[in-house]
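The block underneath contains the structure these notes are about, expressed in structure tokens.
There are 2 protein chains.
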Amino acid sequence: MDEKDDFDVQFFLPYLLNQASEVASDGFQKIYKDRYGMLRTDWRVLFHLGIYGRMTARDIGRMAQVHKTKISRAVARLETRRFLLREEDAADRRVEHLTLTSAGQAAYRDLRGVARNYEARLVAGLDPQDVVALRRALLHLSGR
Amino acid sequence: MDEKDDFDVQFFLPYLLNQASEVASDGFQKIYKDRYGMLRTDWRVLFHLGIYGRMTARDIGRMAQVHKTKISRAVARLETRRFLLREEDAADRRVEHLTLTSAGQAAYRDLRGVARNYEARLVAGLDPQDVVALRRALLHLSGR
DNA sequence: AGGTAATAGTTGATTTTGTAACTAACAACG
DNA sequence: CGTTGTTAGTTACAAAATCAACTATTACCT
Chain H
1 MDEKDDFDVQ FFLPYLLNQA SEVASDGFQK IYKDRYGMLR TDWRVLFHLG
51 IYGRMTARDI GRMAQVHKTK ISRAVARLET RRFLLREEDA ADRRVEHLTL
101 TSAGQAAYRD LRGVARNYEA RLVAGLDPQD VVALRRALLH LSGR
Chain X
145 MDEKDDFDVQ FFLPYLLNQA SEVASDGFQK IYKDRYGMLR TDWRVLFHLG
195 IYGRMTARDI GRMAQVHKTK ISRAVARLET RRFLLREEDA ADRRVEHLTL
245 TSAGQAAYRD LRGVARNYEA RLVAGLDPQD VVALRRALLH LSGR
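Residue numbers (our numbering), protein chains in the order written: chain H, 1 to 144; chain X, 145 to 288.
In structure tokens form, the structure reads like this:
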């Protein structure tokens, strides 16, 4: 197409990252969607509360780098399905503390197990050293 | 939250991949969106045609692992903006061959330059060996 | 040939996301 | 106090992604 066209999309990092990300997400998505009707942000909120305990929507958004409207909607969905409870802060009435109900905790534990297995399968075909490098690189790219 | 909770979302591979992918995509997206009003699938189609020359929608979809409805709509948008032309196949009238117009080629060359620089900036902070491992791992994860 | 299945691509309805504007509450500073 | 600015979270509307159904054409099979 062009004189010196040594460029290949297939190796362009944002493209590659997106491909790998989608493949990796899809297998896991199928499970939390089929089993609990959750969307991506839903399981993220669930996992944050499952792992770190009581948190506010704001803190989850900061930690997961997700916009507050997405969090707001995910929280609403999880609340409807009785996976979490809101309690308003005593000192600052803008703030809501979120905690998992026992149903939420059960779902979390179930999906955590799935996640562990799923990740094990994902890295199974990779050189362990590459996995270390991969995580390090991804952490750096996502800005930590 | 739980007895043996050694799980951390922040290191869960699909999560990490998605974080890095979004960060990496966003910087590039800003440019092709501002400059040409393109969406993600649009630039992918543009790049495939720019790099590999004449292709059908089907082949682009296969190569980029993108669903045909997305491709169809991206092609329609690019056609409207006079970035590509369709010609029907002589032997099989279902098939359309797509090629870039000169405007399309100009946009491609422009964005290819941007992509090169952008990627250089992305990997600048990384250990070169990690970049090699990263690409290898991503290729493997995305199934090649 | 004639019927059935498969393929390329488009369209429409529904769901989800993105963006901006909004409410309600607190903070800071005169 | 009081006005101005910030913050937590929600809502409304537009843009985009998803999924199923559709048209048109070709391939297969007997």
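Think of the CB as a built atom: it goes at the ideal place given N, C-alpha and C, for glycine as much as any other residue.
When the distance is taken between beta carbons, is residue j closer than 9 Å to residue i?
i: SER25 of chain H; j: PRO158 of chain X; result: yes
i: LEU100 of chain H; j: PHE83 of chain H; result: yes
i: MET163 of chain X; j: GLN65 of chain H; result: Residue identity differs from the one stated: residue 163 of chain X is Gln in this sequence, not Met. Yes, they are a contact pair.
i: LEU190 of chain X; j: ALA251 of chain X; result: yes
i: ARG144 of chain H; j: PHE151 of chain X; result: no
i: ARG73 of chain H; j: ILE60 of chain H; result: no
i: LEU285 of chain X; j: LEU141 of chain H; result: no
i: ILE51 of chain H; j: TYR118 of chain H; result: no
i: GLY212 of chain X; j: ARG202 of chain X; result: Correcting the residue identity first, residue 212 of chain X is Lys in this sequence and not Gly. Cβ atoms of LYS212 of chain X and ARG202 of chain X: closer than 9 Å.
i: GLY53 of chain H; j: LEU78 of chain H; result: no
i: PHE172 of chain X; j: VAL258 of chain X; result: yes
Per DSSP, which one or two residues make a beta bridge with residue i?
i: HIS140 of chain H; result: In DSSP, HIS140 of chain H forms no bridge with anything.
i: THR101 of chain H; result: DSSP lists no partner for THR101 of chain H.
i: LEU84 of chain H; result: H:LEU100
i: THR56 of chain H; result: H:HIS97
Can you find a CB in chain X that lies within less than 9 Å of the CB of residue i?
i: ALA103 of chain H; result: no
i: PHE83 of chain H; result: no
i: ASP5 of chain H; result: yes
i: TYR15 of chain H; result: yes
i: MET63 of chain H; result: yes
i: ARG44 of chain H; result: yes
i: ILE51 of chain H; result: yes
i: VAL131 of chain H; result: yes
i: ASP34 of chain H; result: no
i: HIS97 of chain H; result: no
i: GLY143 of chain H; result: yes
To the nearest whole angstrom, what separates the beta carbons of residue i and residue j, a pair I think is in contact under 8 Å?
i: GLU96 of chain H; j: THR56 of chain H; result: 6 Å
i: LEU16 of chain H; j: LEU283 of chain X; result: 7 Å
i: VAL167 of chain X; j: HIS48 of chain H; result: That belief does not hold up - the Cβ atoms of VAL167 of chain X and HIS48 of chain H are roughly 19 Å apart, past 8 Å.
i: ARG225 of chain X; j: LEU242 of chain X; result: About 14 Å; that fails the 8 Å criterion.
i: ARG206 of chain X; j: PHE11 of chain H; result: Rounded, the Cβ-Cβ distance is 18 Å, inconsistent with contact.
i: ALA264 of chain X; j: ALA133 of chain H; result: Not quite, the Cβ-Cβ distance comes to about 19 Å (not below 8 Å), so this is no contact.
i: SER165 of chain X; j: SER21 of chain H; result: 4 Å
9 Å is my cut-off, CB to CB: does residue i come that close to chain H?
i: ASN261 of chain X; result: no
i: ARG237 of chain X; result: no
i: ASP146 of chain X; result: Here ASP146 of chain X scores only 49 on pLDDT, less than 50, and its place in the model should not be relied on; the value that follows carries that caveat. Judged by the 9 Å Cβ criterion, ASP146 of chain X is in contact with chain H.
i: GLU231 of chain X; result: no
i: VAL258 of chain X; result: no
i: ILE215 of chain X; result: no
i: LEU278 of chain X; result: yes
i: ARG202 of chain X; result: no
i: HIS284 of chain X; result: yes
i: GLY269 of chain X; result: yes
i: GLU166 of chain X; result: yes
i: PHE155 of chain X; result: yes
i: ALA251 of chain X; result: no
i: ASP254 of chain X; result: no
i: HIS192 of chain X; result: yes
Would you mind listing the alpha helix (DSSP H) stretches within the segment 175 to 224 of chain X that are 4+ residues and don't spill past its ends, in chain order? 184 to 196, 201 to 208 and 212 to 224
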